[in-house]
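Beneath this line is the structure, given in structure tokens, with notes to follow.
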Amino acid sequence: MLRLHSYLLGLVLLALAVVVALTLAGVMPPERTSVLGALLADDSTTAPSAPAPTVAPIDRPISFDGLRPGQTEAFGLREGLVVVQALYDGTVAPFSASLRSLDDPQADPITPVSIIPPLSRQGGASARITTAGRYVLNVELAEGEWVVTIAQPGDAGGAG
Numbered sequence: 006m007l008r009l010h011s012y013l014l015g016l017v018l019l020a021l022a023v024v025v026a027l028t029l030a031g032v033m034p035p036e037r038t039s040v041l042g043a044l045l046a047d048d049s050t051t052a053p054s055a056p057a058p059t060v061a062p063i064d065r066p067i068s069f070d071g072l073r074p075g076q077t078e079a080f081g082l083r084e085g086l087v088v089v090q091a092l093y094d095g096t097v098a099p100f101s102a103s104l105r106s107l108d109d110p111q112a113d114p115i116t117p118v119s120i121i122p123p124l125s126r127q128g129g130a131s132a133r134i135t136t137a138g139r140y141v142l143n144v145e146l147a148e149g150e151w152v153v154t155i156a157q158p159g160d161a162g163g164a165g
């Protein structure tokens with residue numbers, strides 16, 4: 006029995022030595038809790054990231070509708086002016102939405118639109134897109150039907 010305990014203690018010490026060696030060699034960051042987890046983890050410093058899917062810029066105004074807060078599917082915007090127009094049929098709760106860049110999630114929201122019923126049922130905003138890329142409409146507040154149209158000057162039938 007003593008022999009079995011000594012054997013198990015030796016295995017535990019060997020495993021600990023392997024973890025320390027891997028941590029010192031930089032294979033396993035110190036915050037990882039297991040060797041297997043560290044080896045299988047998706048670490049952006051060691052694995053190449055897959056390219057983001059491309060989204061073609063809109064060539065005509067696009068519209069989204071809904072009843073509650075949420076995020077739309079991705080759409081492309083090119084550099085230049087973007088115009089956002091919103092209609093809201095909520096009764097009491099305000100409506101708030103903005104464009105968000107998928108290519109730069111840390112960027113500030115673009116063209117925030119707010120509508121406060123019953124004072125108004127429609128709103129709009131415009132902004133300059135400085136970086137072409139993939140965007141989504143993020144509706145932060147809504148409790149009722151809403152429709153948002155997004156256009157860029159030069160679109161077929163667009164704003165401008």
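Residue numbers in the sequence shown follow our numbering, run continuously in steps of one, and reach 165 at the last position.
Even for Gly, the Cβ is constructed at its ideal location relative to N, Cα and C.
{"query": "Assuming the contact rule is C-beta atoms closer than 8 Å, G81 and E148 should be a hit. Round their C-beta distance to whole Å, please.", "result": "The pair is not a contact, with the Cβ atoms about 30 Å apart (cut-off 8 Å)."}
{"query": "Quick check: the Cα distance between L124 and V87, rounded to an integer number of angstroms?", "result": "25 Å"}
{"query": "Report yes if the C-beta distance between S103 and A112 is below 7 Å; otherwise report no.", "result": "no"}
{"query": "Taking 6 Å as the line, does the beta carbon of F80 fall inside it for any heavy atom of the ligand ZN?", "result": "Although the ligand ZN was asked about, the structure shown includes no ligands whatsoever."}
{"query": "If you measure between the beta carbons of Y93 and I115, is that distance less than 7 Å?", "result": "no"}
{"query": "Among the candidates S131, E145, G75 and G138, whose CA atom is the shortest distance from the CA of A156?", "result": "S131"}
{"query": "Residue range of the beta strand (DSSP E) that A156 falls in?", "result": "W151 to A156"}
{"query": "So, is A91 buried or exposed, given that buried needs 16 or more other C-beta atoms within 10 angstroms?", "result": "buried"}
{"query": "Tell me whether A102 sits in a helix, a strand or coil according to DSSP, three-state version.", "result": "strand"}
{"query": "Mind pulling the beta strand (DSSP E) runs of 3 or more residues that sit fully within the segment 66-118?", "result": "67-71, 80-82, 85-93 and 100-106"}
{"query": "Could you give the first and the last residue of the continuous beta strand (DSSP E) run that contains L142?", "result": "G138 to L146"}
{"query": "When the distance is taken between beta carbons, is G85 closer than 7 Å to V144?", "result": "no"}
{"query": "Out of A98, L142 and V118, point me to the one whose CA is closest to T77's CA.", "result": "L142"}
{"query": "Measure the C-alpha to C-alpha separation of R65 and R73 and round it to an integer number of angstroms.", "result": "25 Å"}
{"query": "When the distance is taken between beta carbons, is D109 closer than 7 Å to R139?", "result": "no"}
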